[in-house]
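Chains as they are written, first to last, in the numbering used here: chain A, 1 to 514; chain B, 515 to 813. Ideal Cβ positions, reconstructed from N, Cα and C, are used throughout, including at glycine. Computed from a predicted model, the values in this text were never measured in an experiment. Contents: one structure, followed by commentary.
Encoded structure:
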């Protein structure tokens with residue numbers, strides 16, 4: 001029977017859930033929407049109200065809800081910072097595994113979500129796409145992701161994944177006036193459902209051949225079966241599961257949906273998609289590979305090498321010709337997934353630590369870049385073309401400098417954080433004798449340096465467009481851009497603390513499996 | 515026994531007849547109604563198999579929700595079913611062939627059922643749902659086995675008299691009755707479980723979440739609805755809650771994406787209607803009455 005004191009390890013999730021539910025209630029019952037009630041005693045008065053007061057009320061309500069969601073995320077973050085770990089790491093009779101790895105990923109997820117909400121909310125409000133449901137859905141998605149990350153059981157994993165996915169589908173199509181947003185939502189939904197189906201099929205094969213749902217029980221079962229036909233069924237199950245999660249983290253060849261969804265979804269939501277679900281997907285696949293498929297590490301390694309190479313090559317080659325900066329970011333995200341997968345192809349704690357280092361650095365890089373993209377508005381209208389960036393340095397020297405920092409970091413230029421991410425990844429590949437993978441990685445990062453540097457050339461050396469300056473930066477966007485740029489610039493000063501922390505998390509994951 | 519057999523044939527025949535009517539009825543509304551009848555008969559069959567939970571779910575979900583939805587769709591969409599049926603006739607041969615294949619497969623499965631049903635549990639120490647064992651043990655037709663199961667169904671903690679009469683430890687009773695179960699079968703009552711020296715109850719169920727012990731222990735003692743309820747709200751409560759959240763998110767998402775608030779619509783706000791006061795909603799206007807004389811003088 002689950003002990004009541006296990007609940008304490010679920011404190012972040014409980015905070016998130018209660019926060020989401022109360023924000024939902026506040027949002028549903030609080031006044032200040034666009035439509036004021038007409039009938040009844042107060043109705044006459046509200047029709048008399050001019051549009052401005054109603055808009056102010058709506059504004060206040062929107063900020064209240066987004067701020068509430070950020071507060072909830074901050075509280076959950078504080079609750080998960082102590083990183084308390086139960087004896088034996090399992091709680092609720094083996095449903096969840098609470099370890100330092102899960103905590104680390106959870107912290108990344110919470111930070112990513114909080115900042116993407118902060119940086120994007122004003123954009124959503126200006127685009128008239130801000131609905132009170134959006135922060136609530138983000139919170140639900142985060143709950144799903146934390147469950148995915150902590151899951152020690154296939155059913156919990158699937159339910160967490162679906163919780164996350166459903167929320168993300170709605171978020172993708174949340175800009176209802178835009179046809180592309182609806183298209184993005186529909187595409188994401190169809191392909192997401194397909195990948196969930198693949199994942200579920202893999203899980204059912206796994207369950208059918210091992211008779212177990214808990215990760216450790218499945219691993220035990222695999223370890224005790226030697227020979228026979230059983231391993232083939234399990235192997236096929238593993239392939240399906242890796243495919244399903246490959247869709248979620250948009251690894252090539254399961255990446256088709258990514259550019260369309262990234263381009264169609266409202267930019268703040270794209271930012272959220274680029275940062276957070278990837279972390280959860282990576283955490284899930286890492287946990288599964290270590291805790292369930294430890295016996296199949298050779299076969300899994302082959303699959304991962306192919307996925308990783310394809311993602312790096314396709315991501316960097318396809319990004320060259322993009323005109324839309326959101327599509328470019330989509331391909332860039334795909335190539336980053338490829339780099340992250342290099343670490344998973346190596347089969348030890350250090351390689352996994354390299355992937356975690358990469359993911360952790362990927363979060364501020366992407367957040368900052370998307371902050372700059374969100375700042376690209378002129379006359380209240382969001383811009384998406386790369387050519388709109390031309391001559392940015394003339395009008396907005398600081399924004400241009402920050403964007404240059406992010407681009408150099410993504411390309412992996414030495415003193416910046418992105419260099420360390422790539423350095424650790426490639427070193428882990430060489431340590432694990434994956435020379436071919438390292439070579440492909442370095443080559444594709446050279447290719448990707450071309451389009452990152454092209455953006456810098458556009459900003460600094462191209463003549464500015466006649467249309468004039470961009471709108472002034474909203475204050476919170478400027479803060480987020482500044483903060484992430486600082487993190488990336490000064491990472492070189494104290495990399496050890498962060499890397500040690502992440503390495504502890506990765507070794508904890510591996511320790512649990514032995 | 516005879517009654518059970520009669521009931522089975524009644525339900526089965528009605529289900530087949532209603533199923534045939536679903537396909538052949540001319541009026542689509544009648545088809546849906548026959549479908550509901552089929553569901554009810556299938557639920558009856560489940561009850562005969564001692565799977566009350568499935569029976570209830572079938573009635574609640576399929577009759578209560580799905581069939582009603584079908585009815586709505588059939589009634590609200592103006593589909594010309596006669597044309598659809600014209601097309602269906604062209605594919606009758608293929609349909610018959612597929613049906614034949616299915617029938618053969620079913621027969622094969624039925625043949626296998628008697629021989630090789632009990633798959634080995636030796637290599638997998640873990641089974642998940644308590645229902646299969648439950649059905650297996652309870653659906654067996656031998657009355658002795660069932661009686662034994664019923665005896666085991668009385669946990670000593672629940673029934674004071676039985677505690678007096680059985681006089682043994684719970685281990686003893688379960689050993690004598692449910693032989694296919696683990697010897698340390700214990701009732702679910704946590705009080706007695708805690709009193710046990712070897713620590714019974716759920717806590718003893720090993721390090722794995724889903725151990726056979728839980729399933730078996732439940733299976734011998736209580737009916738399957740109760741068994742599902744007991745594990746659903748203890749072991750599986752996280753999944754239960756997560757499933758609830760998934761449904762909540764689906765609901766929020768559907769509302770977010772489809773609800774449009776149009777301007778100029780009169781909305782009813784009951785609190786404001788109730789809070790209405792004559793002082794600020796009734797205006798007394800001094801109306802000068804029509805005076806024909808004045809009118810005429812003006813002219």
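* Asked: Just how far apart, CA to CA, sit residue 402/A and residue 750/B?
  -> By 1-based counting over the first chain, the position of residue 402/A is 402. By 1-based counting over the second chain, the position of residue 750/B is 236. In this structure, the CA atom of residue 402/A is about 49 Å from the CA atom of residue 750/B.
* Asked: DSSP state of residue 385/A, grouped into three classes?
  -> The residue labelled residue 385/A in the question sits at position 385 within the first chain. Secondary structure of residue 385/A (DSSP, three-state): strand.
* Asked: Cβ of residue 770/B less than 8 Å from any chain A Cβ?
  -> Looking up residue 770/B in the second chain gives position 256. It does: the Cβ of residue 770/B has a partner Cβ on chain A nearer than 8 Å.
* Is there contact here, the segment 517–527 of chain B with the segment 554–572 of chain B, by at least three beta-carbon pairs under 8 Å? -> In the pairwise beta carbon analysis, the segment 517–527 of chain B is classified as touching the segment 554–572 of chain B: at least three pairs are separated by under 8 Å.
* Asked: Cα-Cα, which of 496/A, 339/A and 174/A is closest to residue 441/A?
  -> The count along the first chain starts at 1 and reaches residue 441/A at position 441. For the options 496/A, 339/A and 174/A, the alpha carbon positioned closest to that of residue 441/A is the one of 339/A.
* **CB contact flag (residue 289/A, residue 108/A, <8 Å)** => Within the first chain, the letter at position 289 stands for residue 289/A. Within the first chain, the letter at position 108 stands for residue 108/A. No; because the gap between Cβ atoms is not below 8 Å, this pair is not in contact.
* Asked: Between residue 312/A and the rest of its own chain, which residues show a CB-CB distance below 7 Å, the 5 nearest in sequence each way excluded?
  -> Along the first chain, one-based indexing puts residue 312/A at 312. Only 335, 338, 339, 440, 441 and 444 meet the Cβ criterion.
* To do: For chain A, find out if any of its Cβ atoms is closer than 8 Å to the Cβ of residue 767/B; answer yes or no.
  => Your numbering for residue 767/B matches position 253 in the second chain. Yes, contact with chain A.
* residue 140/A versus chain B: which residues are under 7 Å apart at the beta carbon? -> To locate residue 140/A, count along the first chain from 1; it is residue 140. Those within 7 Å of residue 140/A in chain B are 759 and 763.
* Asked: Smallest Cα separation from residue 453/A: which of 328/A, 75/A, 277/A and 148/A?
  -> Here residue 453/A refers to the residue found at position 453 when the first chain is read from its first residue. Comparing Cα positions, the closest option is 328/A.
* Asked: Could one say the Cβ of residue 753/B lies closer than 8 Å to chain A's Cβ atoms, at least one of them?
  -> Position 239 of the second chain holds residue 753/B. For residue 753/B, a Cβ of chain A is located within less than 8 Å of the residue's own Cβ.
* To do: Would you mind telling me which residues of chain A sit closer than 9 Å to residue 527/B, beta carbon to beta carbon, in chain order?
  => On the second chain, residue 527/B is found 13 positions in, with the first residue counted as 1. By Cβ distance, chain A contributes nothing, its closest Cβ being about 35 Å from residue 527/B, past 9 Å.
* **Burial state of residue 193/A (16 or more Cβ within 10 Å)** => As a position in the first chain, residue 193/A is number 193, starting the count at 1. With fewer than 16 Cβ atoms within 10 Å of its Cβ, residue 193/A is classed as exposed.
* Put residue 555/B into one of helix, strand or coil per three-state DSSP. => As a working mapping, residue 555/B is identified with position 41 in the second chain. Residue state for residue 555/B is assigned as helix, using DSSP reduced to three classes.
* So is residue 756/B in contact with chain A if we call contact Cβ pairs under 8 Å? -> Here residue 756/B is taken as the residue at index 242 of the second chain, counted from 1. Cβ-Cβ to chain A under 8 Å: yes for residue 756/B.
* **Paired residues, beta bridge with residue 96/A - DSSP** => As a working mapping, residue 96/A is identified with position 96 in the first chain. Residue pairing by DSSP puts residue 96/A in a beta bridge opposite 91/A and 151/A.
* Asked: Going by C-alpha distance, which of 546/B, 804/B and 596/B is nearest residue 583/B?
  -> Here residue 583/B corresponds to residue number 69 of the second chain, with the count starting at 1. Checking every option, the nearest Cα to that of residue 583/B belongs to 546/B.
* Could you name the residues of the same chain whose beta carbon sits closer than 7 Å to that of residue 189/A, not counting the 5 residues immediately before and after it, in chain order? => In the first chain, residue 189/A corresponds to position 189, counting from 1. Excluding sequence neighbours, residue 189/A sits near 169.
* Check whether the Cβ of residue 808/B lies closer than 8 Å to any Cβ atom in chain A. => The sequence position of residue 808/B within the second chain is 294, counting from 1. Put simply, the CB of residue 808/B is far from chain A, with every gap to its CB atoms at 8 Å or more.
* Asked: Any heavy atom of the ligand NAD closer than 7 Å to the Cβ of residue 424/A?
  -> Looking at this structure, you won't find the ligand NAD or any other ligand, since it has none at all.
* **Where residue 9/A falls, given that 16 or more other Cβ within 10 Å makes a residue buried** => Position 9 of the first chain, counted from the first residue, corresponds to residue 9/A. Of the residues assessed, residue 9/A falls on the buried side of the cut-off, its CB having 16 or more other CB atoms within 10 angstroms.
* **Contact list for the segment 230–251 of chain A against chain B, Cβ threshold 8 Å** => Closer than 8 Å at the C-beta level to chain B, one finds no residue of the segment 230–251 of chain A.
* Give the residues from the segment 175–187 of chain A that approach chain B closer than 9 Å (Cβ to any Cβ), ordered along the chain. => Listed by position along the chain: 176, 182 and 185.
* To do: Could you tell me whether the segment 377–387 of chain A touches the segment 411–427 of chain A, using the rule of 3 or more Cβ pairs below 8 Å?
  => In the pairwise beta carbon analysis, the segment 377–387 of chain A is classified as not touching the segment 411–427 of chain A: fewer than three pairs are separated by under 8 Å.
* **Cβ of residue 800/B within 8 Å of any chain A Cβ** => Start at 1 with the first residue of the second chain, and residue 800/B comes out as number 286. Proximity of residue 800/B to chain A, defined by a Cβ-Cβ separation below 8 Å, is not satisfied.
* Is it buried or exposed for residue 238/A, if we count other Cβ within 10 angstroms and need 16 for buried? -> Your numbering for residue 238/A matches position 238 in the first chain. Answer is buried; the Cβ neighbour count reaches 16.
* **residue 114/A versus 375/A, 268/A and 508/A, residue with shortest Cα-Cα distance** => Here residue 114/A is taken as the residue at index 114 of the first chain, counted from 1. Relative to the Cα of residue 114/A, the nearest Cα in the group 375/A, 268/A and 508/A belongs to 268/A.
* the segment 753–767 of chain B in contact with the segment 140–147 of chain A per 3-pair CB rule at 8 Å -> Touching, yes, given that three or more Cβ pairs across the two stretches are closer than 8 Å.
* residue 743/B, enclosing alpha helix (DSSP H) - first and last residue -> For this step, residue 743/B is matched to residue 229 along the second chain. Run containing residue 743/B: 738–746, per the alpha helix (DSSP H) assignment.
* Since residue 157/A and residue 148/A are thought to touch, with beta carbons under 8 Å apart, how far apart are those beta carbons, to the nearest angstrom? -> As a working mapping, residue 157/A is identified with position 157 in the first chain. As a working mapping, residue 148/A is identified with position 148 in the first chain. Contact flag correct, Cβ pair sits at about 6 Å.
* Closer than 8 Å at the beta carbon, the chain B residues around residue 170/A -> The count along the first chain starts at 1 and reaches residue 170/A at position 170. By Cβ distance, chain B contributes 763, 766, 767, 770 and 771.
* **Residue(s) in a DSSP beta bridge with residue 270/A** => Counting from 1 along the first chain, the entry for residue 270/A is found at position 270. Beta-bridge annotation (DSSP): residue 270/A is not paired with any residue.
* Flag this pair as touching only if the segment 477–493 of chain A and the segment 403–410 of chain A have three or more C-beta atom pairs under 8 Å; answer yes or no. => Yes, they touch.
* Asked: Under 8 Å between C-beta atoms, does residue 156/A make it to chain B?
  -> Looking up residue 156/A in the first chain gives position 156. It does; some Cβ of chain B falls within 8 Å.
* Asked: Secondary structure at residue 444/A, three-state DSSP: helix, strand or coil?
  -> One-based indexing of the first chain puts residue 444/A at position 444. Under the three-state reduction of DSSP output, residue 444/A falls in the helix class.
* Three-state secondary structure (DSSP) of residue 636/B -> Position 122 of the second chain holds residue 636/B. Because residue 636/B sits at a pLDDT of 43, beneath the cut-off of 50, its placement in the model cannot be relied upon, and the following sentence gives the value as read from the coordinates. Residue 636/B falls in the coil class under three-state DSSP.
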